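Q: Below is one structure. I have some questions about it.
In full-length UniProt numbering, the protein residues as written are 1 to 197.
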């Protein structure tokens with residue numbers, strides 16, 4: 001009988017751990033990506049691009065490593081689509097920004113426990129009573145990253161395309177920012193319109 005009690009307790013703990021694992025896995029999906037573009041813009045008319053002189057990621061007055069990672073990734077994506085980087089007189093200007101915010105969620109996970117007892121009026125039998133259902137409530141703290149990429153018609157000074165990605169940052173992203181930037185930029189540019197060139 002004692003072995004049966006231990007098995008039930010072990011099973012209850014295992015079920016709780018599995019539910020926590022599923023809840024955390026559900027929250028670790030990839031970033032949400034969306035884009036918007038100006039109406040009636042023929043993207044194939046643009047051939048060259050450059051970056052704005054005061055990028056949003058350079059608030060400190062100098063080029064940060066984050067800025068360089070994003071410039072490299074965006075240059076790779078635009079070059080792969082037939083655009084050419086130029087130092088002066090570009091047709092497109094590129095601006096981008098990245099932001100990290102702390103967020104918190106309260107999560108409720110259902111749990112089950114059994115009350116065991118020795119009941120003398122049942123002839124000394126030890127048995128499990130009815131299951132007791134409850135919720136384990138926990139607060140989870142995490143970081144959310146947002147990346148915006150803007151393409152501006154340099155002559156008109158008009159925004160023609162914007163791509164945005166937002167998602168939970170994993171520890172790997174924080175430890176490998178160059179790779180994280182490249183992955184995020186590639187996902188954003190999946191939303192970029194086909195130029196036909």
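Idealized CB from N, CA, C, for every residue including glycine.
Just so you know, these numbers come straight off a predicted model, no measurement behind them.
1) Using only the alpha-carbon positions, how far apart do residue 84 and residue 93 sit?
2) Any idea which residues DSSP pairs residue 168 with across the strands?
3) Which same chain residues, not among the five before or five after residue 67, have their C-beta less than 8 Å away from its C-beta?
4) Can you check which of these residues, 160, 144, 34, is closest to residue 173 by C-alpha distance?
5) Leaving out five residues before and five after residue 47 in sequence, what residues of the same chain have Cβ atoms less than 7 Å from its Cβ?
6) For residue 87, count neighbouring Cβ atoms within 10 angstroms of its own Cβ and tell me buried if that reaches 16, exposed if not.
7) Under DSSP, the beta strand (DSSP E) around residue 37 begins and ends at which residues?
8) Any C-beta of chain C sitting closer than 9 Å to the C-beta of residue 184?
9) Among all the DSSP beta bridges, which residues are the ones paired with residue 153?
10) Using the DSSP secondary-structure output, state which residues sit across from residue 99 in a beta bridge.
A: This is what the structure gives:
1) 12 Å
2) 144
3) 55, 57, 58
4) 144
5) Only 83, 84, 91 meet the Cβ criterion.
6) exposed
7) Counting along the chain, the beta strand (DSSP E) containing residue 37 begins and ends at 32 to 37.
8) No chain C appears in the structure shown, which is made up of a single protein chain.
9) In DSSP, residue 153 forms a bridge with 92, 158.
10) 146
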